[in-house]
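Sequential numbering from 228 applies to the sequence shown in this note's numbering.
Below is one structure, written out as structure tokens, with a few remarks after it.
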Amino acid sequence: MKIAFVGKGGSGKTTLSSLFIRHLAADRVPVIAVDADINQHLGAALGLDEAETAALPAMGAHLPLIKEYLRGTNPRIASAETMIKTTPPGEGSRLLRIGEENPILETCARTVRLDEDAAVRLMATGPFTESDLGVACYHSKVGAVELCLNHLVDGPGEYVVVDMTAGSDSFASGMFTRFDMTFLVAEPTRKGVSVYRQYKEYARDFGVCLKVVGNKVQGADDLDFLREEVGEDLLTTLAHSDWVRAMEKGRPPLFELLEGPNREALRTLREAADGAYERRDWQRYTRQMVHFHLKNAESWGNAKTGADLAAQVDPSFVLDERLLAAPQPA
């Protein structure tokens, strides 16, 4: 299942996503972690040092490889150069599966060892480079992530956890509809819930499953504030954590020593995500993918590629669980 963590800058979004990733990894389930935030802090939150984080391969730098692999033998896509971030899969496309080996994961993912034999695969959009300054935007980086999510077929008990950019900037693309569950991390302050209101409004017409995770909650007054501001969307809260403070100093204890109430909050997140996956509407998921592709094609894609990108849509194709057992094209 696909899970996004969002929130305003400083809310603890990356910290919460890293805790959730550790929680999943401790149960030895397949996990792919994706740092889709240009600030690139997820690697550090998972225990990498600065040099290791800087050495992570940037997905955006390998976009030609990603496109060529996913294109497969799809006759509707004339060349990898005509693929854009929203290009949907069709008959003949190669699909990504969480537990497999493929050129994209081999090139763009690195295994991060956590406690004992717990591990996750980590992928990153990559930071801005000197050549990007003044000419590129955040969306030019996360296009590779969106393309991979469009071609990912995932099953129960498999997890892709994406640490998104701060604020509501992800609504400038269709990527916000690619997730079974979006966890919005909010502090108990007026600024802390402002991004929630934006997300709630933008997501309303797309069936996005949105739950609020209260962070840095220090008492009953903080809890009451969040309940008043977000109502039933408040899923759970996390309090101050000495474990997190030690982790931020680069000296994390064993994950099993995380405070009991915070471990219980992580279990609540997983139960909510699992339930959302069980309710996934594969037909709607595919329709939304096509919807945003057609919008991008008309807005800029056709002009950029010199091709009619609407012709890439395979009207009979549905990305659903039956494809988990289907063989990949040669």
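Just so it is clear, CB atoms sit at the ideal spot from N, CA and C, and this is done for glycine as well.
Which two residues bound the contiguous beta strand (DSSP E) that contains Lys240?
Looking at the DSSP string, Lys240 is not in any beta strand (DSSP E); the run it does join, the alpha helix (DSSP H), is 240-253.
Close-in-space but distant-in-sequence residues of the same chain around Glu428 (CB under 6 Å, 5 per side omitted):
none
Excluding the 5 residues flanking Gly236 on each side, which residues of the same chain have their C-beta closer than 8 Å to its C-beta?
Ala393, Gly394
Let me know the secondary structure DSSP gives Val362 once reduced to three states.
With a pLDDT of only 40 at Val362, under 50, the local geometry of the prediction cannot be trusted, and no value is derived from it.
Find the nearest neighbour of Ile345 within the set Val440, Val517, His289, Ile259, judged by alpha-carbon distance.
Per the sequence shown, residue 345 should be read as Ala rather than Ile. Comparing Cα-Cα distances from Ala345 to each of Val440, Val517, His289, Ile259, the minimum goes to Ile259.
Going by other Cβ atoms of all chains shown within 10 Å of its Cβ, with 16 needed for buried, is Leu349 buried or exposed?
buried
Could you give the uninterrupted runs of the alpha helix (DSSP H) lying entirely in the segment 441-514, keeping only those of 4 residues or more?
447-457, 469-475, 487-505
Between Gly287 and Tyr296, what straight-line distance do the alpha-carbon atoms span, to the nearest angstrom?
14 Å
Limits of the unbroken alpha helix (DSSP H) element including Thr280
277-281
Given Ala336, which residues of its chain have a CB within under 6 Å of its CB, disregarding the five upstream and five downstream residues?
Arg348, Met350
Output yes or no for whether 8 Å exceeds the beta carbon distance between Ile248 and Val440.
no
Would Phe452 count as contacting chain B if we go by Cβ distances under 8 Å?
Included in the structure is just one protein chain, with no chain B present.
Go ahead and pull the three-state DSSP assignment for Glu357.
Reliability of the predicted coordinates at Glu357 is poor, the pLDDT of 49 falling under 50, and no value is obtained from them.
Where Thr300 sits in the DSSP three-state scheme:
coil
Could you check which residue in Asp432, Gln445, Thr300, Ser400 has the C-alpha nearest to that of Ile311?
Ser400
Tell me which residues share the same chain as His520 and place their Cβ nearer than 6 Å to its Cβ, disregarding the 5 neighbours each side in the sequence.
Thr313, Pro315
Rounded Cβ spacing between Ala430 and Ser238 (contact assumed at less than 8 Å):
Actually they are not in contact, since the Cβ atoms of Ala430 and Ser238 sit about 18 Å apart, beyond 8 Å.
CA-CA distance, Pro479 and Thr241?
16 Å
Run through DSSP, which three-state label would Val369 get?
helix
Environment of Glu373 [buried if 16+ CB atoms lie within 10 Å]
buried
Smallest Cα separation from Cys436: which of Asp460, Gln539, Ala272?
Asp460
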